[in-house]
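These protein sequence lines are chains A and B, in that order. First residue of the first sequence: 40, per this note's numbering; consecutive thereafter. First residue of the second sequence: 40, per this note's numbering; consecutive thereafter. Even glycine gets a Cβ: it sits at the ideal position worked out from N, Cα and C. Below: one structure, written as structure tokens.
There are 2 protein chains.
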Amino acid sequence: TEKLVFEELKLRVRELENELIKCKQKIDKMSAEVVDSNPYSRLMALKRMGIVEDYEKIRTFTVAVVGVGGVGSVTAEMLTRCGIGKLILFDYDKVELANMNRLFFQPHQAGLSKVEAAEHTLRTINPDVQFETHNYNITTMDNFAHFMDRISHGALQDGKAVDLVLSCVDNFEARMVINTACNELSQIWMESGVSENAVSGHIQLIIPGETACFACAPPLVVAANIDEKTLKREGVCAASLPTTMGVVAGILVQNVLKYLLKFGTVSHYLGYNAMQDFFPTMAMKANPTCDDRHCRKQQDDYKKKEAERPKKVVEQAVEEEVVHEENDWGIELVSEQTDEELQAASGPVPDLPEGITVAYTIPDKTGTSEGETVEETEQSLEELMAQMRKM
Amino acid sequence: TEKLVFEELKLRVRELENELIKCKQKIDKMSAEVVDSNPYSRLMALKRMGIVEDYEKIRTFTVAVVGVGGVGSVTAEMLTRCGIGKLILFDYDKVELANMNRLFFQPHQAGLSKVEAAEHTLRTINPDVQFETHNYNITTMDNFAHFMDRISHGALQDGKAVDLVLSCVDNFEARMVINTACNELSQIWMESGVSENAVSGHIQLIIPGETACFACAPPLVVAANIDEKTLKREGVCAASLPTTMGVVAGILVQNVLKYLLKFGTVSHYLGYNAMQDFFPTMAMKANPTCDDRHCRKQQDDYKKKEAERPKKVVEQAVEEEVVHEENDWGIELVSEQTDEELQAASGPVPDLPEGITVAYTIPDKTGTSEGETVEETEQSLEELMAQMRKM
């Protein structure tokens, strides 16, 4: 009976809380006043410290977070506490006790949808942020159309496109769907991922037409120093750690803040190898023979824009792939397969900086060598997605 | 009136929650079963993945966290979700709305002591963890004695010493007090810190007698690429970001897990420069002329132990300070002061890896040159602490 009373009270408190949150006046202006009662004093101090020119601009931005799991939930919480203007959350999953080894969700939320539970917690943390949540799988046809619509019209101002899409999903299909949408919409986005063995992860910035998209090359992952075959066992429950996911969410949102508020260097690719505390970085340009026709179209548009741009007297250095020839960090990859065995079994392994490798390789297509353009397939989005689902 | 009803209900729910938590049976064994209702399935999977040999050993460890602020609270949450045996939390501060730009605490906890609020949240997250909290300032004489006692007798088993002390404090005096205690008790600990401009941080492992303690050398910090003079303005409210603090807590607890569960490489020093996404590492041995007499005593003990140890046929390479001579990452420190100006104004700047510098320098003592041993002062702990408080 005590448990029943408790559950009833909890429900009523939740209702009252929700009503109170809605009553709360949103602030007009972020205060920089240094008093204990000001939740923005330590953020506005970034201006006085010479780090950010106009911190309050954060209130004008809208960010979409796809996947509200171990990385996505912490990402959403960090952006909420930073005072982002609006967050749009997408996830079809429910909170489970099996998620409790990662930050954010609490046991009493088990059974709730992740977006519902997240919205409640985030509103409590910062009532100044606007939230929009979608409890569905973006990879089905109807939901994909709605997802595209919200990305292109969900911003705070005038139904404009969001400022950034963050991929915090845990599977290949969903990443490919986000990639397809962002290429078509010319939407800048950031990718994140954590390995199945829980001890590595990465973030990646994708500017359609300019930097490599998710279809331009096999996904880049952080090289593991453990037997690769262990990683590929089918049907094994993935491991996860709150540490690795917290670090990946932290470097992801840091990159978001640097990109939106224009400070520091925005990373194109940043990896995290937790076993050796090694953080490889790199940059990769879009592939002219990318399988995604929208990516190729964005590349054409980008080239035209670049050509039209008035030439500066001081030529900007063209960004090139950073390759560290020497093993400065003394890291050795331990694998029972040699590089030659790997290459023989599949496609060529591209030349990548120390510590970064590809998730898989693609065998050479007959008749297609580097530099050639592949045949325009002009497949419909439907056909492409049907193909993807078979992967 | 609705607000009053709400506050009453909240209080009652809190009471009931606390009672329920106490009723809950702690688990006997961590299950590795892959079901949605098992909070440990993704952690126990680390064994199957070949990362950790015996994950369940985590339940036997006790960790003390000193400072439950932006880094300490997230550190405690990560350890709680990982299923640590026991946590001992120290903090004298109260939760304020001005803390809401960092993870963990929520607005409704404003006014509560940080340790009380943290314990409530952490117990809700994982009732299998044992908690002990101390709402006091460790730097006063009485509290310091109690702090020493809890460090040396607070472990889960038989009143033994804790397995690790984590310093998550935000000021020099508290760090020095933890250093003093750990040197005297021969207690292994880890240091963490975040810069006042919110865009860099570090963690450091200190093994008394073996690696440099906090008094062996000026504290190492991550080199900022901004005007150093900005950083040293007095009375300016420090900036902070949930991203930087989340990353520092993540790399700290990752190092704790690697140290306790014996996997990967435990870092001696790992820095984080958020402006350039650069993560410098290094290692530094204890200084034979350290000002802390307990550090020097631990060094003697360590040397004796090393000498007594049977020599292995294959000699282990002595760990040396890692110095990267080349600027592999193309990072330039931008400062309006030249290195020469800095050196002229104070003491010598030691030879450190790219990206790491000292918080301050110590002018050469007259008559004391490198290699000489300084006069044994044999000051009492009380005298030392009185001196420290004047700093």
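Residue pairing from DSSP places L205(A) in a beta bridge opposite V104(A) and M229(A).
For N222(B), the closest of I245(B), V208(B) and V44(B) by C-alpha to C-alpha distance is I245(B).
Residue burial annotation: Q293(A) is buried, with at least 16 other C-beta atoms found within 10 angstroms of its C-beta. Pairing M69(B) with M83(B) gives a Cβ-Cβ distance under 9 Å. Under the Cβ criterion of 9 Å, G124(A) is not counted among the residues facing chain B.
One Cα belongs to D390(A), the other to V110(B), and the distance between them is close to 38 Å. If you draw a 10 Å sphere on the C-beta of E116(A), you find 16 or more other C-beta atoms in it, and that means buried.
With the criterion set as a beta carbon lying under 9 Å from some beta carbon of chain B, the members of the region 274-285 of chain A are V275, C276, A277, A278, S279, L280, P281, T282, T283, M284 and G285, in sequence order. Here the alpha carbon of R214(B) sits roughly 10 Å from the alpha carbon of A254(B). Chain A has a Cβ within less than 9 Å of the Cβ of S306(B). Beta-bridge partners assigned by DSSP to V260(B): T396(B). Note that the region 278-285 of chain A touches the region 133-146 of chain A; at least 3 beta-carbon pairs, one per stretch, sit closer than 8 Å.
The three-state secondary structure of T172(B), taken from DSSP, is strand. Classified as buried, P319(B) has 16 or more neighbouring CB atoms from the shown chains inside 10 Å of its CB. For Y79(A), the chain B residues whose Cβ falls inside 8 Å of its Cβ are N140, in order along the chain. For M321(A), the beta-bridge partners assigned by DSSP are Y308(A). Of all C-beta pairs linking the region 158-177 of chain A to the region 94-105 of chain B, fewer than three are shorter than 8 Å, placing the two stretches out of contact.
Per DSSP, G289(A) is one residue of the alpha helix (DSSP H) stretching across P281 to L300. Note: K133(A) is bridge-paired with S152(A) in the DSSP secondary-structure output.
I245(A) carries a strand assignment under DSSP once its states are collapsed to helix, strand and coil. Counting only Cβ-Cβ distances below 9 Å, S76(B) has contacts in chain A at E135, L136, A137 and A149, in chain order. Going by DSSP, Q338(A) is part of the alpha helix (DSSP H) stretching over R332 to E347. Membership of T114(A) in the alpha helix (DSSP H) is indicated by the continuous run G111 to R120. Per DSSP, reduced to three states, the secondary structure at S239(B) is strand. In the displayed model, T178(B) falls within coil according to three-state DSSP, outside both helix and strand. In terms of Cα proximity to D130(A), the closest of V154(A), T119(A) and I90(A) is V154(A). Taking 9 Å as the cut-off, the beta carbon of E92(A) is found no closer than this to the beta carbon of E41(B). Taking a contact to require three or more Cβ pairs closer than 8 Å, the region 313-328 of chain B and the region 225-233 of chain B do not qualify as touching.
Assignment of beta-bridge partners to T250(A) by DSSP yields K324(A). In this structure, the beta-carbon distance from S191(A) to N174(A) does not fall below 9 Å.
Within 8 Å of the CB of R120(A), the CB atoms of chain B belong to M139, N140, R141, L142 and P281, in sequence order along the chain.
In the displayed model, I127(A) falls within a strand according to three-state DSSP. Interface criterion not met: the Cβ of E92(B) is under 9 Å from no Cβ in chain A. In chain order, Y94 place their CB closer than 6 Å to the CB of K86(A), counting only its own chain and leaving out the 5 sequence neighbours on each side. In the three-state scheme derived from DSSP, where H, G and I count as helix and E and B as strand, R53(B) is classed as helix. Y94(A) sits in a helix when the DSSP states are folded into three classes.
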